[in-house]
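Heads up: the structure comes next, in structure tokens.
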Amino acid sequence: MEITIKRFARRKEYVIGHLYVSGCYLCDTLEPLPGCIPEGSYRVLITKSPKFGCWLPLLCGVPKRTAIRIHAGNTPRDSRGCILVGKNTEVGRLSQSQYYLKWLIQLITKGMEKEKVMISINK
Numbered sequence: 317m318e319i320t321i322k323r324f325a326r327r328k329e330y331v332i333g334h335l336y337v338s339g340c341y342l343c344d345t346l347e348p349l350p351g352c353i354p355e356g357s358y359r360v361l362i363t364k365s366p367k368f369g370c371w372l373p374l375l376c377g378v379p380k381r382t383a384i385r386i387h388a389g390n391t392p393r394d395s396r397g398c399i400l401v402g403k404n405t406e407v408g409r410l411s412q413s414q415y416y417l418k419w420l421i422q423l424i425t426k427g428m429e430k431e432k433v434m435i436s437i438n439k
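Here you go:
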């Protein structure tokens with residue numbers, strides 16, 4: 317299963333992107349600046365996060381970084397370098413983050429039953 321993030325709006329404090337699962341648009345993403353994840357392809361696993369105390373997607377093999385997750389949040393202040401998911405309905409802000417995170421976790425979990433799940437992050 318392939319997840320793709322296509323970044324399209326770089327601002328002073330954050331980057332906004334579109335997240336696709338197997339080529340179909342699912343939601344928007346927000347990553348804080350500085351600290352954006354380097355462009356590339358990474359394996360995704362669902363593991364229990366010690367910080368959040370729940371099961372979240374983990375990006376494996378991010379250069380010079382550890383514990384990079386996809387999680388819920390609304391603004392760049394809600395992340396220290398992870399990917400936030402939701403709908404970009406206001407400038408610099410995501411909404412419905414919990415909803416889209418749950419949906420994405422379900423899709424990744426099903427994908428992991430059959431194949432390796434990868435995420436590609438592009439400009």
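Position 3, counted from 1, in the sequence shown is what the working numbering calls 319; the numbers after and before it change by one each time, with no gaps.
Quick reminder that beta carbons are idealized off the backbone N, C-alpha and C, glycines included.
Annotation: glycine 402 to glutamate 431 spans about 25 Å, alpha carbon to alpha carbon. Cβ-Cβ distances below 8 Å link tyrosine 341 to His334 and Leu335 in the same chain, with the five nearest sequence neighbours on each side left out; the list follows chain order. DSSP places threonine 391 outside any alpha helix (DSSP H), giving it a letter other than H or E.
Counting along the chain, no beta strand (DSSP E) covers glutamate 429; the unbroken alpha helix (DSSP H) around it starts and ends at 413-430.
Three or more Cβ pairs closer than 8 Å define a contact, and the region 321-335 falls short of that threshold against the region 356-363.
For serine 436, the enclosing beta strand (DSSP E) stretches over residues 434-438. Within the model, the alpha-carbon separation for tyrosine 416 versus arginine 323 is close to 18 Å. Counting every other CB atom within 10 Å of its CB across the protein chains shown gives threonine 345 a total of 16 or more, marking it as buried. Under DSSP, glycine 402 forms a beta bridge with Asp344.
At a Cβ-Cβ threshold of 8 Å, isoleucine 437 and glycine 356 count as neighbours.
Exclusion of the five residues before and after glutamine 412 leaves Gly402 and Lys403 as the residues of its chain whose Cβ lies within less than 6 Å of its Cβ. Looking at the DSSP output, isoleucine 384 sits in a beta bridge with Leu375.
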